[in-house]
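J.:
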Amino acid sequence: MIDRVAHTTTQGLRTVIDSYLRYLQVERNASDLTIKSYGEDLDALAEYLEESFALEPAPSEVTTLDLRGYVSAVSEAGYSSSTVARRLASMRSFFKFAQRQQLVEKNPAKPLRNPRKSQKLPHFLSTDEIGKLLNTPPQSSAAGIRDRAMLETTYSAGLRVSELVGINENDLDLHDGLVRVRGKGRKERLAPLGSYALVALEKWIDIRQLSPKSEKLKERPIFLNKFGNRITTRSVGRMLEKYLKESGLDLRTSPHTLRHSFATHLLDAGADIRSVQELLGHKSLVTTQIYTHLSTATLKGVYEMAHPRAKG
Numbered sequence: 004m005i006d007r008v009a010h011t012t013t014q015g016l017r018t019v020i021d022s023y024l025r026y027l028q029v030e031r032n033a034s035d036l037t038i039k040s041y042g043e044d045l046d047a048l049a050e051y052l053e054e055s056f057a058l059e060p061a062p063s064e065v066t067t068l069d070l071r072g073y074v075s076a077v078s079e080a081g082y083s084s085s086t087v088a089r090r091l092a093s094m095r096s097f098f099k100f101a102q103r104q105q106l107v108e109k110n111p112a113k114p115l116r117n118p119r120k121s122q123k124l125p126h127f128l129s130t131d132e133i134g135k136l137l138n139t140p141p142q143s144s145a146a147g148i149r150d151r152a153m154l155e156t157t158y159s160a161g162l163r164v165s166e167l168v169g170i171n172e173n174d175l176d177l178h179d180g181l182v183r184v185r186g187k188g189r190k191e192r193l194a195p196l197g198s199y200a201l202v203a204l205e206k207w208i209d210i211r212q213l214s215p216k217s218e219k220l221k222e223r224p225i226f227l228n229k230f231g232n233r234i235t236t237r238s239v240g241r242m243l244e245k246y247l248k249e250s251g252l253d254l255r256t257s258p259h260t261l262r263h264s265f266a267t268h269l270l271d272a273g274a275d276i277r278s279v280q281e282l283l284g285h286k287s288l289v290t291t292q293i294y295t296h297l298s299t300a301t302l303k304g305v306y307e308m309a310h311p312r313a314k315g
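Quick note, the sequence shown lines up with residues 4 to 315 if you use our numbering.
Here it is as structure tokens:
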């Protein structure tokens with residue numbers, strides 16, 4: 004067995020990882036969550052390679068075979084195919100950066116293929132279940148009025164929870180029924196708001212009270228916690244769980260389920276898939292197409308129940 008020793012004259016793997024994360028923050032303006040995810044993925048890779056090499060290697064010493072061994076170890080540890088694919092994406096991006104910095108001759112992660120995903124249809128609520136959920140927050144308290152407005156806005160515009168909590172005063176146009184949202188990669192889009200969401204928003208805005216800290220902000224948040232500051236995604240999740248229990252709905256439901264339901268209901272009603280793609284802010288149509296599979300499954304169920312000769 005040949006001993007592999009890291010070159011002392013070159014930068015170690017962790018040093019380059021630190022440089023890469025700074026690059027994401029400063030040059031790419033990546034979100035804190037993105038940087039955290041990449042950091043965790045690359046830290047796990049570094050730990051594996053340090054054990055394999057018996058010390059910290061330089062990026063130039065890492066081969067495709069080393070990375071293939073790491074991917075196999077992650078898969079054998081029981082991680083899902085989506086997690087493995089994400090870690091592969093982190094590696095490809097990192098070694099692409101190292102290649103641009105002339106720290107490696109070629110990207111050793113490039114030849115690796117993503118694992119085949121088992122495509123799971125997203126969980127969604129029926130229109131009746133959505134109605135039941137949206138009517139659960141009590142309108143006798145400020146918290147209930149706020150919660151109704153958040154749920155109505157999320158479902159009405161098909162928002163991610165991060166997009167919901169990121170809405171500021173200058174993003175809302177209640178007269179034209181539009182909200183400007185910032186999606187993945189800080190890409191902006193305009194989303195329409197339905198009449199129920201507009202009524203709920205107006206009711207909330209009339210009573211909302213910003214903290215002195217939030218009042219001074221250039222971009223003042225719409226949705227606030229009990230202290231008058233911007234509400235967090237975690238708080239939205241806890242809020243939803245509370246109303247699911249009160250309404251007796253499926254506890255698997257997450258804030259993202261409202262987005263899934265939004266897309267499914269539009270397609271079930273005959274909306275064009277390209278329009279739904281735009282409304283969701285999906286970069287690729289492939290991402291949106293999973294909802295057509297879900298719509299087809301729903302229609303098939305209706306057909307089998309209703310058609311006299313659907314089953315023998």
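Ideal Cβ positions, reconstructed from N, Cα and C, are used throughout, including at glycine. Bear in mind that the values here come from a model prediction, so they are computed numbers and not experimental data.
1) Give the C-beta separation of residue 157 and residue 250 to the nearest angstrom, bearing in mind that I take them to be a contact with Cβ-Cβ under 8 Å.
2) Decide yes or no for the touch test of the segment 165-178 against the segment 235-253: beta carbon pairs closer than 8 Å, at least 3 of them.
3) Whole angstroms is fine: what's the gap from residue 6's alpha carbon to residue 53's?
4) Unbroken beta strand (DSSP E) runs of length 3 or more, entirely within the segment 37-118: which are they?
5) So, is residue 19 buried or exposed, given that buried needs 16 or more other C-beta atoms within 10 angstroms?
6) Determine the burial state of residue 4: buried for a count of at least 16 other Cβ atoms within 10 Å of its Cβ, exposed for fewer.
7) Just list the beta strand (DSSP E) runs in the segment 199-239, keeping only unbroken ones of 3 residues or longer that don't cross its boundaries, in chain order.
8) Report the CB separation of residue 128 from residue 290 in whole angstroms; it is logged as a contact under 8 Å.
9) Three-state secondary structure (DSSP) at residue 195?
10) Between which two residues does the alpha helix (DSSP H) carrying residue 27 extend?
11) On a Cα-Cα basis, can you pick out the residue from 288, 261, 202 that is closest to residue 136?
12) Would you call the segment 40-54 in contact with the segment 64-82, where contact means no fewer than 3 C-beta pairs closer than 8 Å?
13) Are residue 87 and residue 78 close, meaning C-beta to C-beta below 8 Å?
14) Mapping DSSP to helix, strand and coil, what is residue 275?
15) Which stretch, first to last residue, makes up the alpha helix (DSSP H) that contains residue 149?
16) Measure the beta-carbon distance from residue 112 to residue 210 and round it to whole angstroms, keeping in mind my assumption that it falls under 8 Å.
17) Between which two residues does the beta strand (DSSP E) carrying residue 252 extend?
18) Output the distance between the C-alpha atoms of residue 12 and residue 83, rounded to the nearest integer angstrom.
19) Roughly how many whole angstroms lie between the Cα atoms of residue 116 and residue 90?
20) Excluding sequence positions up to five away, which residues of its chain have a Cβ less than 7 Å from the Cβ of residue 180?
21) If you drop the 5 nearest sequence neighbours on each side, which residues of the same chain put their C-beta closer than 6 Å to that of residue 284?
22) Please list, in chain order, all residues of the same chain as residue 22 whose beta carbon is under 7 Å from its beta carbon, the five residues on each side excluded.
23) May I ask you to report which of helix, strand or coil DSSP gives residue 183?
24) Could you tell me which residues DSSP puts in a beta bridge with residue 173?
25) Between 266, 231, 278, which has its C-alpha nearest residue 218's C-alpha?
26) From which residue to which residue does the alpha helix (DSSP H) around residue 135 run?
27) Return yes when the Cβ of residue 288 is within less than 8 Å of the Cβ of residue 280, no when it is not.
28) Taking all protein chains shown into account, decide if residue 110 is buried (16 or more other Cβ within 10 angstroms of its Cβ) or exposed.
29) Can you list, in chain order, the residues of its chain whose CB lies under 8 Å from that of residue 247, leaving out five sequence neighbours each side?
30) Return the first residue and the last residue of the alpha helix (DSSP H) that residue 165 is part of.
T.: Quick look at the numbers:
1) Taking the first residue of the sequence shown as position 1, residue 157 is located at position 154. Taking the first residue of the sequence shown as position 1, residue 250 is located at position 247. Not a contact, Cβ separation roughly 16 Å.
2) yes
3) As a working note, residue 6 is residue 3 in the sequence shown. As a working note, residue 53 is residue 50 in the sequence shown. In this prediction, residue 6 has a pLDDT of 38, which is less than 50 and means its spatial position is unreliable; nothing more can be read from the coordinates.
4) none
5) Translated into positions along the sequence shown, residue 19 becomes position 16. With 16 or more other Cβ atoms within 10 Å, it is buried.
6) Position 1 of the sequence shown holds residue 4. Note that residue 4 has pLDDT 31, beneath the 50 cutoff, so the model's placement of it is unreliable and the number below is only indicative. Under this definition residue 4 is an exposed residue.
7) none
8) Counted from its first residue, the sequence shown places residue 128 at position 125. Counted from its first residue, the sequence shown places residue 290 at position 287. Residue 128 to residue 290, Cβ: 20 Å. No contact.
9) Walking along the sequence shown from the start, residue 195 turns up at place 192. Look at residue 195 here: in three-state DSSP terms it is strand.
10) Working through the sequence shown from its first residue, we reach residue 27 at position 24. Start and end: 16-29.
11) Here residue 136 corresponds to residue number 133 of the sequence shown, with the count starting at 1. Residue 261 is the option with its Cα nearest to residue 136.
12) yes
13) Position 84 of the sequence shown, counting from 1, holds the residue named residue 87. Position 75 of the sequence shown, counting from 1, holds the residue named residue 78. Taking 8 Å as the Cβ cut-off, residue 87 and residue 78 qualify as a contacting pair.
14) Looking up residue 275 in the sequence shown gives position 272. Residue 275 falls in the coil class under three-state DSSP.
15) Within the sequence shown, numbered from 1, the residue matching residue 149 stands at position 146. Where residue 149 is concerned, the enclosing alpha helix (DSSP H) stretches over 145-160.
16) Taking the first residue of the sequence shown as position 1, residue 112 is located at position 109. Taking the first residue of the sequence shown as position 1, residue 210 is located at position 207. Wrong, their Cβ atoms sit about 52 Å apart, outside the cutoff.
17) Position 249 of the sequence shown, counted from the first residue, corresponds to residue 252. Neither: residue 252 is in no beta strand (DSSP E) and is coded neither H nor E.
18) Looking up residue 12 in the sequence shown gives position 9. Looking up residue 83 in the sequence shown gives position 80. The pLDDT assigned to residue 12 is 44, lower than 50, so where the model puts this residue is not dependable; a value taken from the coordinates is nonetheless given after this. The alpha-carbon atoms of residue 12 and residue 83 are separated by roughly 38 Å.
19) Here residue 116 refers to the residue found at position 113 of the sequence shown. Here residue 90 refers to the residue found at position 87 of the sequence shown. Rounded to whole angstroms, residue 116 to residue 90 spans 12 Å at the Cα level.
20) As a first step, residue 180 is located in the sequence shown; it is residue number 177 there, counting from the start. Counting only Cβ-Cβ distances below 7 Å, and skipping sequence neighbours, we find 195, 196, 201.
21) Indexing the sequence shown from 1 puts residue 284 at position 281. Only 186, 192 meet the Cβ criterion.
22) Here residue 22 refers to the residue found at position 19 when the sequence shown is read from its first residue. Cβ neighbours of residue 22 within its own chain (closer than 7 Å, five residues either side excluded): none.
23) Position 180 of the sequence shown, counted from the first residue, corresponds to residue 183. Here residue 183 sits in strand by DSSP.
24) In the sequence shown, counting from the first residue as 1, residue 173 sits at position 170. Residue 173 pairs with nothing; no bridge assigned.
25) Along the sequence shown, read from residue 1 onward, the residue named residue 218 stands at position 215. For the residues 266, 231, 278, the minimum Cα distance to residue 218 belongs to 231.
26) Within the sequence shown, numbered from 1, the residue matching residue 135 stands at position 132. Run containing residue 135: 130-137, per the alpha helix (DSSP H) assignment.
27) The residue labelled residue 280 in the question sits at position 277 within the sequence shown. The residue labelled residue 288 in the question sits at position 285 within the sequence shown. A contact, by the Cβ cut-off of 8 Å.
28) As a position in the sequence shown, residue 110 is number 107, starting the count at 1. So residue 110 ends up on the buried side.
29) Your numbering for residue 247 matches position 244 in the sequence shown. For residue 247, where only same-chain residues beyond five positions count, the Cβ hits under 8 Å are 136, 253, 254, 256.
30) Residue 165 sits at position 162 when you count from the first residue of the sequence shown. Residue range 164-168 is occupied by the alpha helix (DSSP H) that includes residue 165.
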